[in-house]
Amino acid sequence: MILRTVTGDVDPGSMGITLPHEHVLCDSRVWLQEPKDATGRRFASAEPDMANLWWMRQFPNTNSAVLVLDDEELAVTELQAFAGAGGSTVVELTPRGLGRDVEALARIAGLTGLHIVAGTGYYVAASHPPSIKTSSVEQLAEHMVAELQVGIDATG
């Protein structure tokens with residue numbers, strides 16, 4: 001048995017302490033909603049900070065900055081804290097339609113020393129690539145099985 005990671009196959013016995021459902025890098029703007037009032041419009045383009053945290057928590061889908069995790073350097077910093085606390089493995093479940101980036105995940109794994117396992121599959125219809133509409137269930141299953149057995153994109 002093997003554990004397929006974004007940097008190659010490893011012994012499952014090396015998993016150690018594992019975060020089983022993470023989104024290290026993710027673009028969830030499929031959920032972005034138009035603000036309903038002037039206050040919402042003011043906060044819609046604001047960078048999240050302590051002064052507007054209350055708004056971001058109450059209306060997270062009205063601010064695109066809250067819906068996007070794309071800072072590799074920040075991801076490395078946060079995951080180094082996990083590794084420093086004894087963590088070994090991260091299961092990253094961001095699907096293709098929400099910005100899954102296995103090459104970036106491989107870079108992050110290299111910088112943190114963590115095993116990063118990338119998931120396969122699709123999310124809600126708004127995040128599906130156009131090919132979903134023309135693919136059969138069998139084709140979709142074949143694609144997902146290939147990602148699991150061979151690897152995803154440049155990792156295979």
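Residues 1 to 156 (this note's numbering) are what the sequence shown spells out, left to right.
No residue lacks a Cβ here, since even glycine has one placed at the ideal position from N, Cα and C.
Bounds of the alpha helix (DSSP H) holding Glu78 are 72-84.
Judged by DSSP in its simplified three-state form, Ala118 adopts strand. Pairing Ala85 with Thr112 gives a Cβ-Cβ distance that is not under 9 Å. Boundaries around Ile17 are those of the beta strand (DSSP E), 17-22, since no alpha helix (DSSP H) includes it. Counting the other Cβ atoms within 10 Å of the Cβ of His115 gives 16 or more, which makes it buried. Under the three-state reduction of DSSP output, Thr94 falls in the coil class, being neither helix nor strand. Between Gly87 and Ile2, the C-beta spacing is not below 9 Å. Put simply, of Arg96, Leu98, Arg107, Ala51 the residue whose alpha carbon is nearest the alpha carbon of Val76 is Arg107.
For Thr5, the secondary structure class from DSSP, reduced to helix, strand or coil, is strand. Separation of Leu140 and Arg100 (C-alpha to C-alpha, rounded to the nearest whole angstrom) is 17 Å.
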